[in-house]
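Some notes on the structure that comes next.
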Amino acid sequence: MWSGVSVSTKPGGELISIAKLKSRLRIDVADDDEMLGDMLKGAIARIDGPNGIGVAMLKQTWRKSMDCFPSCIMLPGAPIKGVTSITYVNNDGVTQTLAADKYRVDLNKEPVRVEPAYGLSWPSSRDVIGAVTVEYEVGENSAADVHADLIDAVCLIVGHRYANREAVSEDAAHALPLGVEWILQEHVRCHVTA
301 MWSGVSVSTK
311 PGGELISIAK
321 LKSRLRIDVA
331 DDDEMLGDML
341 KGAIARIDGP
351 NGIGVAMLKQ
361 TWRKSMDCFP
371 SCIMLPGAPI
381 KGVTSITYVN
391 NDGVTQTLAA
401 DKYRVDLNKE
411 PVRVEPAYGL
421 SWPSSRDVIG
431 AVTVEYEVGE
441 NSAADVHADL
451 IDAVCLIVGH
461 RYANREAVSE
471 DAAHALPLGV
481 EWILQEHVRC
491 HVTA
């Protein structure tokens, strides 16, 4: 979804258990647990992360890579909890970590903005691809803190794929139920360039 943004630490924990998923979807067949697990992973991937709709459901670390310091770094994604590090390649070609007191993070707006601390400017960086990297934490600590409608969307996607696993057309297999589209539209995060 966004250029230069990747997941550096994948989420841990469980968004929804197979048992709870089966209960919500009213599935009694134990033989389908492995298939449901795969469908659950696929449904989460459709929503979660920079390649999904730009939200992180469970706690993870994202990395934004840039060729130089812009005047203000805009971090895509939600919910962003904080910046863990900013590294850059200096003019001598040595990777440096910027001290946290050298920059300011505004978590009150979306996209989250990072700028030099008052009275300071960004250090000079070498003119190389990916000279500046920002690592930041996104997502909730537990599934209980994730928006309930995002979990509903995951369940609806799994339910749709489970019911249409024998679909004869590619469109039927990949189309999302209307309710899922509405939910995702409420949470999708737009493109951020800087």
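For the sequence shown, this note's numbering assigns the number 301 to the initial residue and increments by one for each residue that follows.
Positions of the beta carbon are idealized from the N, C-alpha and C atoms, including for glycine.
Model, not experiment: these values are computed from the prediction.
Hey, how far is the Cα of residue 412 from the Cα of residue 368?
Taking the straight line from one Cα to the other gives about 18 Å.
Which term fits residue 465, buried or exposed, when burial requires 16 or more other beta carbons within 10 angstroms of its beta carbon?
Exposed.
Check whether the Cβ atoms of residue 365 and residue 430 lie closer than 7 Å to each other.
The answer is yes: Cβ separation under 7 Å.
Pull up the distance between the alpha-carbon of residue 494 and that of residue 373, whole angstroms please.
Here the model assigns residue 494 a pLDDT of 47, short of 50, so the residue's position is not dependable, and the following value carries that caveat. Approximately 6 Å between the Cα atoms of the pair.
Going by other Cβ atoms of all chains shown within 10 Å of its Cβ, with 16 needed for buried, is residue 450 buried or exposed?
With 16 or more Cβ atoms within 10 Å of its Cβ, residue 450 is classed as buried.
Starting from the Cα of residue 398, find the closest Cα among 414, 381, 409, 477 and give me that residue.
For residue 398, the nearest C-alpha among the options comes from 414.
Pull up the distance between the alpha-carbon of residue 331 and that of residue 452, whole angstroms please.
Rounded to the nearest whole angstrom, the C-alpha separation of residue 331 and residue 452 is 23 Å.
Stretch pair the segment 437 to 446 + the segment 349 to 364: three plus CB contacts closer than 8 Å
With the cut-off at 8 Å, the segment 437 to 446 and the segment 349 to 364 touch.
Residue interval of the alpha helix (DSSP H) (run including residue 415)
Taken as a continuous stretch (DSSP letters only), residue 415 belongs to no alpha helix (DSSP H), being part of the beta strand (DSSP E) at 412 to 416.
How would you call residue 348, buried or exposed, if buried means at least 16 neighbouring beta carbons within 10 angstroms?
Per the 10 Å Cβ criterion, buried.
DSSP state of residue 494, grouped into three classes?
With a pLDDT of only 47 at residue 494, under 50, the local geometry of the prediction cannot be trusted, and the value read off the model is given with reservation. Three-state DSSP puts residue 494 in coil, outside helix and strand.
Let me confirm a value: residue 418 is counted as buried when at least 16 other C-beta atoms fall within 10 Å, else exposed. Which label applies?
The residue is exposed, with fewer than 16 neighbouring Cβ atoms inside 10 Å.
Give me, in chain order, the residues of the same chain whose beta-carbon lies closer than 6 Å to that of residue 343; leave out the 5 immediate sequence neighbours on both sides.
Closer than 6 Å at Cβ, skipping near neighbours: 454, 457, 458.
Reduced DSSP secondary structure (H/G/I, E/B, other) of residue 456
Here residue 456 sits in helix by DSSP.
Taking 7 Å as the cut-off, decide whether the C-beta atoms of residue 421 and residue 388 are in contact.
No, these two residues do not count as a Cβ contact at 7 Å.
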